[in-house]
Every structure is written in structure tokens, then in C-alpha cells.
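The opening position of the sequence shown corresponds to residue 10 in the working numbering, with each subsequent residue numbered one higher.
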Amino acid sequence: MARTKSSARWLREHFADEYVRRAQAEGYRSRAVYKLLEIHEKDRLLGPGGTVVDLGAAPGGWSQLAARLVGRKGCVIALDLLPMEPLAGVEFIQGDFRETAVLDQLLAALAGRPVDLVLSDLAPNTSGIKAVDQPRGLYLAELALDFAGRCLRPGGDFLVKAFQGEGFDAFLQALRAAFVTVVPRKPRASRARSAEQYLLARNYRG
């Protein structure tokens, strides 16, 4: 099957992308790792011995970086609807985060261990229609916030992908009610045409 012009353009951009080249050279699974790395270098999110939950983890770049930074005494639990190749120091759960049974499995894996950091790079399958995709994405962010409220230790942090649009202000207000500080982050590794941004919520009130 012949490639469309848009897919051919994406392939050219992908392989010319400096972050794709860096990820290949440095042994990371995806260019997305540099989004988290940039935020970590600015905000110091990850430290030795930390417990991290990575939602929307596949193919595993964020989990890979988290496992390296928390070390052997740390704990990283990753979840995604898609399969993910095993990673040293990472426990992976495959399933739909929207399903109660999958959430229960994630909580069981934590076994009551307080979490230092919840990462959410969750995104819906896109239709290309903003009025449809944005609410779907925000719903996933809301589910991630609900999960963070159930498992974070007091003082813990939450980094979540969010797209502005209907319901965004209410979501931001909910974050500010639950955390001491909330700041936007737009890493350089985010593609220029992407509307994504991240919200970093720090010091969970408990």
C-alpha cells in the first residue's frame, strides 16, 4: 500500500528529529524520555529510593528513566493499554486504566506502599476532531488525578498531560485544591505543532 503524503512527511520529520536520534544513540525507547528528563532537571522529581507510578507508559521511555533514577531501592510500576517489552526494575501491568479491574490490579501491586510520584502521559486514540479528542484526553487526566489522590503520600507529586479546552479550568482548580503548587511545563521535546502541555502538581496535601 502506498504511503499517504502526510505519513511520508511524518516519517521524514521523525527520522530527522534530534530527539529521535538522541534516543537511539543513548539507548532510550522513545524521544518522549527527553520531556520527562527536562522537567526532572528543572524540578528534581525523581530521587533514589522513590516509588513511581507511570500511567500510559508504553513503549517505556519514562519508566526507563524513572527506574534509572530511583535505583535498586526504588519502585516503578508502569501501566498501559498497549504491550511493553520488559524493563529492569519496572513492574508492568497491561490493561485499560478506565476499567475498575485494572485499577484494582494496580493498587494491589502497590500493596499499600505510599507513592512519591505519579506520572501520567495518558492520551486517547485520536480522531483528529478536537471537540472529541480534547474531552477524552481530559477525562483520562481526571482519572489519573483521582488515582493520585488515592495513592500519593502527603507531599508527593503528580505530573499529568493535559490539553486546554472544555473542562480544563475546572481540572486546574481541582489540582490546586489538592496540591500546594501547580505549574505548567512545556518541554522543548514536545513537537512544535502539538497542543499538549504538562501540569506539575507538587506537595500533595493528603
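Where is the CB? At the ideal position from N, CA and C, for every residue including glycine.
*Is the region 70–78 in contact with the region 139–149, if contact means three or more CB pairs nearer than 8 angstroms?*
no
_Under 9 angstroms between C-beta atoms of F177 and R214_ = no
_Bridge partner(s) assigned by DSSP for K170_ = Y207
*asked:* Short of 6 angstroms in beta carbon distance, which residues of its chain neighbour G83, apart from the five on each side in sequence? Order them along the chain.
replied: G58, G59
*Neighbourhood of A210 by C-beta, 6 angstroms cutoff - its chain only, sequence neighbours within 5 removed*: F167, L184, F188, V191
*So, are the CB atoms of L88 and L115 less than 9 angstroms apart?*
yes
*My understanding is that S129 touches A110, with C-beta atoms under 8 angstroms, so please give their C-beta distance in whole angstroms.*
Not quite, the Cβ-Cβ distance comes to about 19 angstroms (not below 8 angstroms), so this is no contact.
*Exposed or buried, S72, counting other C-beta atoms within 10 Å across all chains shown (16 or more means buried)?*
buried
*Please classify S199: does DSSP put it in a helix, a strand, or coil?*
coil
*Using the Cα positions of G121 and I86, report the straight-line distance between them to the nearest angstrom.*
13 angstroms
_Run of the alpha helix (DSSP H) containing T109, from where it starts to where it stops_ = 109–119
*Report the rounded CA-to-CA distance for P196 versus E108, giving the unit in angstroms.*
30 angstroms
*Cα separation between A34 and E47?*
18 angstroms
*Compare the Cα-Cα distances from L226 to each of G104, G146, A179, R31 and report the closest residue.*
Coverage of the chain is limited to positions 10 through 215, which leaves residue 226 absent and any answer about it impossible.
*List the whole-angstrom C-beta distance separating L147 from A171, where the pair is believed to meet the contact cut-off of C-beta under 8 angstroms.*
7 angstroms
_What would DSSP say about P57, mapped onto helix, strand or coil?_
coil
*Starting from I102, follow its DSSP beta bridges and name the residues at the other end.*
L88
*Buried or exposed: which applies to S136, given that a residue is buried once 16 or more other Cβ atoms fall within 10 Å of its Cβ?*
exposed
*How long is the line joining the alpha carbons of G164 and R30, rounded to whole angstroms?*
36 angstroms
*From this set, L45, L55, E50, E205, which residue's C-alpha is nearest A216's C-alpha?*
Absent from the structure is residue 216, since the part of the chain shown begins at 10 and ends at 215.
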